[in-house]
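Structure record follows, encoded as structure tokens.
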Amino acid sequence: MAKPQIRSFYPEKDSLNKGRSTVTYHYTSPTGVKAILGSHSIRFTDCQFLNDKSEYIHIHKPLMRALEEIQEDLFDNSIPEMIRSMFNDNYETELLVIVPRSDIDPKLKFRYIKQRYYIFCTSQQRDDLNMWNYYVKGGNYQGYNLGIAVNSILKSFSALKNENIELLYGNVLYNESEQIRYIKEGILNIDHSLRDELEGIDKIQWGDNIYDNAKGEILDFLEGARLFFKDQAFEGEKEFRFIIKLPIEYAKRDHSVLSVGYDVKGGIIVPHCTLNIEKASFKSVTLSPMLDKKLAEQGLNRFLTDYGYENRIDINQSDIPIRY
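For what it's worth, the working numbering labels the leading residue of the sequence shown as 9, then goes sequentially.
Laid out in structure tokens, this is it:
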């Protein structure tokens, strides 16, 4: 049975930063760390329900700049207008997939699969005041972060048996010039592949299908990119994201590795999907600057022992000096 797709959002940067072999840090509340370690699973939130609503539309400014700069270099000069008319801010997207040919029906066919995007957010920084500030309660810091091996998450995801599910991972891009460059390279690569594919074929018979496929690839590329673009004001967070592209029909079935569910947050029912991962995926727990560090560490140690993590996870204290 076919495997899901796993790919780096930005392979060039991933190879420089050794993305798969790194440990990344998920900041969460005491309730969150208890739930994650207790179930050895991580939760991906539907992108429509992110705290910052502006994230989803941030891509439009660098996208328009990129289209202006590549207009003269495109083989298919209708691409910019296609993007302007078809790339929208709907949270439910459609993936164009090729239906395999057969002896009975040798014609090339396509179909659309409706899908949603789910996000799990982490940071490259183990001990960052900006991140701890999200977990201040009653004037005190009450947060934890979990060090999780990137490769372990990818390994758990690869156990799925569905080629229409995809996992993207990588660093968020904050610099607008870098965002523009990324968009330009992606669109031009697809455009050049379109030109090469059209050479030497019967354009009357196959041309429309190949054009449609290329346009679907561009829209899919942009849908993925928008979830890794943020305003430069948030650059200090150094976010590392995991994005699951999940067919809507998947939620109607029962699954052991990846399941779809709902939670309540701020009075709103929030859809999410949960990925089960191995206990060995968790490498460390860091405690935020706290008043009673000793008691917090003792409670955590007992919890880890009872849940089978004894001697498996490093416990660290934040090194940030806080004045109360």
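Note that the Cβ used here is the ideal one computed from N, Cα and C, for glycine as well.
Is residue i buried or exposed, if buried means 16 or more other CB atoms sit within 10 Å of its CB?
{"i": "methionine 139", "result": "buried"}
{"i": "leucine 303", "result": "exposed"}
{"i": "isoleucine 276", "result": "exposed"}
{"i": "alanine 74", "result": "buried"}
{"i": "arginine 119", "result": "exposed"}
{"i": "glutamine 79", "result": "exposed"}
{"i": "methionine 94", "result": "exposed"}
{"i": "lysine 301", "result": "exposed"}
{"i": "proline 297", "result": "buried"}
{"i": "arginine 249", "result": "buried"}
{"i": "valine 268", "result": "buried"}
{"i": "tyrosine 171", "result": "Strictly speaking, residue 171 in this sequence is glutamate, with tyrosine absent from that position. So glutamate 171 ends up on the exposed side."}
{"i": "valine 272", "result": "exposed"}
{"i": "glycine 151", "result": "buried"}
{"i": "proline 12", "result": "buried"}
{"i": "glycine 155", "result": "buried"}
{"i": "isoleucine 44", "result": "buried"}
{"i": "serine 164", "result": "buried"}
{"i": "asparagine 319", "result": "exposed"}
{"i": "tyrosine 149", "result": "buried"}
{"i": "glutamine 123", "result": "buried"}
{"i": "tyrosine 270", "result": "exposed"}
{"i": "aspartate 54", "result": "buried"}
{"i": "tyrosine 18", "result": "buried"}
{"i": "tyrosine 126", "result": "buried"}
{"i": "serine 326", "result": "buried"}
{"i": "alanine 241", "result": "exposed"}
{"i": "threonine 130", "result": "buried"}
{"i": "threonine 39", "result": "exposed"}
{"i": "glutamate 63", "result": "buried"}
{"i": "asparagine 96", "result": "exposed"}
{"i": "isoleucine 153", "result": "Reading off the sequence, residue 153 comes out as asparagine, not isoleucine. Asparagine 153 comes out buried."}
{"i": "isoleucine 226", "result": "buried"}
{"i": "isoleucine 50", "result": "buried"}
{"i": "isoleucine 328", "result": "exposed"}
{"i": "aspartate 199", "result": "buried"}
{"i": "isoleucine 256", "result": "exposed"}
{"i": "glycine 147", "result": "exposed"}
Round the Cβ separation of residue i and residue j to the nearest angstrom and send it over; I've been treating them as touching at under 8 Å.
{"i": "phenylalanine 52", "j": "leucine 283", "result": "7 Å"}
{"i": "tyrosine 143", "j": "tyrosine 35", "result": "7 Å"}
{"i": "isoleucine 87", "j": "isoleucine 195", "result": "7 Å"}
{"i": "leucine 266", "j": "leucine 168", "result": "6 Å"}
{"i": "phenylalanine 57", "j": "proline 279", "result": "7 Å"}
{"i": "tyrosine 99", "j": "isoleucine 173", "result": "Wrong, their Cβ atoms sit about 17 Å apart, outside the cutoff."}
{"i": "alanine 233", "j": "leucine 202", "result": "With 8 Å as the limit, alanine 233 and leucine 202 do not qualify as a contact, their Cβ atoms being about 19 Å apart."}
{"i": "isoleucine 285", "j": "serine 160", "result": "6 Å"}
{"i": "isoleucine 338", "j": "leucine 308", "result": "For the chain, the structure presents residues 9 to 332; residue 338 sits outside this window and is missing."}
Residue i lies in the beta strand (DSSP E); which residues open and close that run?
{"i": "phenylalanine 339", "result": "Not covered by the structure: residue 339. The range shown for the chain is 9 to 332."}
{"i": "alanine 157", "result": "152-157"}
{"i": "glycine 178", "result": "174-179"}
{"i": "proline 279", "result": "276-284"}
{"i": "leucine 254", "result": "247-255"}
{"i": "leucine 168", "result": "Per DSSP, leucine 168 belongs to no beta strand (DSSP E) and is neither H nor E."}
{"i": "leucine 266", "result": "266-273"}
{"i": "isoleucine 330", "result": "Premise fails: isoleucine 330 is in no beta strand (DSSP E) and is neither H nor E."}
{"i": "serine 323", "result": "Per the sequence shown, residue 323 should be read as isoleucine rather than serine. Counting along the chain, the beta strand (DSSP E) containing isoleucine 323 begins and ends at 322-325."}
{"i": "leucine 13", "result": "Checking the sequence, you will find glutamine at residue 13 rather than leucine. Element bounds for glutamine 13: 13-16."}
What residue range does the alpha helix (DSSP H) around residue i cover?
{"i": "threonine 39", "result": "38-47"}
{"i": "glutamine 132", "result": "Segment: none, glutamine 132 is in no alpha helix (DSSP H) and carries neither H nor E."}
{"i": "aspartate 314", "result": "301-314"}
{"i": "proline 297", "result": "First-last for proline 297: undefined, no H or E at that position."}
{"i": "glutamine 79", "result": "Counting along the chain, glutamine 79 falls outside any alpha helix (DSSP H), and DSSP gives it neither H nor E."}
{"i": "asparagine 98", "result": "It is not in any alpha helix (DSSP H) - asparagine 98 carries neither H nor E in the DSSP assignment."}
{"i": "asparagine 197", "result": "184-206"}
Determine, using beta carbons only, whether residue i comes closer than 7 Å to chain D.
{"i": "histidine 68", "result": "Among the protein chains of the structure shown there is no chain D, as only one such chain exists."}
Pair every Cβ in the region 67-81 with every Cβ in the region 280-299, then say whether three or more of these pairs are closer than 8 Å.
Note that the region 67-81 does not touch the region 280-299; fewer than 3 beta-carbon pairs, one per stretch, sit closer than 8 Å.
Three or more C-beta pairs below 8 Å linking the region 233-252 and the region 199-209:
No, the region 233-252 does not touch the region 199-209.
I want to know whether the region 312-322 touches the region 188-202 - three or more CB-CB distances under 8 Å.
Cβ pair count under 8 Å is below three, so no.
Stretch-stretch touch, CB-based, cutoff 8 Å, three pairs: the region 169-187 with the region 241-257:
yes
Taking one C-beta from the region 30-50 and one from the region 126-141 each time, how about it: are there three or more such pairs within less than 8 Å?
yes
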